[in-house]
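Heads up: the sequence lines are chains A and B, in that order. Letter by letter, the first sequence follows residues 8 to 89 in the working numbering. Letter by letter, the second sequence follows residues 18 to 163 in the working numbering. In this text, a Cβ means the ideal position worked out from N, Cα and C, and glycines have one as well. As the structure is a prediction and not an experimental result, all values here were calculated from the model. Read the structure below first, then the notes.
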Amino acid sequence: MENKETYWSENLRLIFICLAIWFVVSFGLGLLLVEPLNAIRLGGYKLGFWFAQQGSIYSFLALIFWYGAKMNKLDKKYHAEG
Amino acid sequence: MNKHTKVAFMVAPFLAVFGYIGADFYNEHQASKSKIVQLIPEGHCDIINQNCVLKSGDFKINISDKAGVTEVNSTFPLDSATLFLVDALDEMTAYPLGMQKSPYYWRSNTELRGLVSNKGESYKLRLIAKIKGGQYISEFYTQTTK
């Protein structure tokens, strides 16, 4: 029972980390900080614009695989594969 | 691909849609805030010879005059546009421009051509263009070059 609760709380922690990164990348870098970031150029594109158009999507994909890998480890740790 | 990755892939599109809706609300809210932005002439301004562009960032306004009809063409749709001719005593004559085929095109008959028809003549103008509570203003001179 205790194991189940720890597993769940670690899972929730991971989800909140993912959501926080999702928020920072999409709203933070792509919207709220877009003007200062646009002063920086990346391959000819303004960085704020790049984050809004492509960077956030790359980050979301990376987050999915990172979350999957971390959960895999968690499953093994708590013998929750199934 | 483990089950967690599959679930994450299923959840991600919903987050993307929420993000899109949130960003849209935020941008609309920002755009409706009242603000005043100054437009600066891009190079030499010669309205009579169709060579006058005012700009601020990505927003540009092109002003030209054809046969006494002064036209304003902007990169974003305007809610209204008013052109002022300012004489030597700093007194203004206002010309509220009328919308043409779309909110990108505004025009009005003005006295400008009669005032700066000869080469070298210049005249002071002011422009106020409104977009969703934001005011784009400019004070500039047109000088006829040929």
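### Collapsed DSSP secondary structure at residue 89 of chain B in the structure displayed
Three-state result, residue 89 of chain B: strand.
#### Entry: Exposure label - residue 20 of chain A; buried when at least 16 CB within 10 Å
So residue 20 of chain A ends up on the exposed side.
#### Entry: Residues near residue 152 of chain B in its chain [Cβ-Cβ closer than 8 Å; skip 5 each side]
51, 52, 53, 54, 145 and 146
### Message
Does the CB of residue 25 of chain B have a neighbour CB from chain A at under 8 Å?
### Response
yes
### Query
Is residue 32 of chain B close to chain A, meaning its C-beta is less than 8 Å from at least one C-beta of that chain?
By this cut-off, residue 32 of chain B is an interface position.
### Task
Under 6 Å Cβ to Cβ from residue 62 of chain B, same chain only, skipping five residues before and after it: list those, please.
69, 157 and 159
### Query
For residue 122 of chain B, which residues of its own chain have a beta-carbon under 6 Å away from its beta-carbon, when the five flanking residues on both sides are left out?
90
### Message
If the criterion is Cβ atoms closer than 8 Å, does the pair residue 25 of chain B and residue 71 of chain A meet it?
### Response
Going by C-beta atoms, residue 25 of chain B is nearer than 8 Å to residue 71 of chain A.
### Message
Using a Cβ-Cβ distance cut-off of 8 Å, determine whether residue 21 of chain B contacts chain A.
### Response
yes
### Unbroken alpha helix (DSSP H) run spanning residue 25 of chain B, endpoints
20–49
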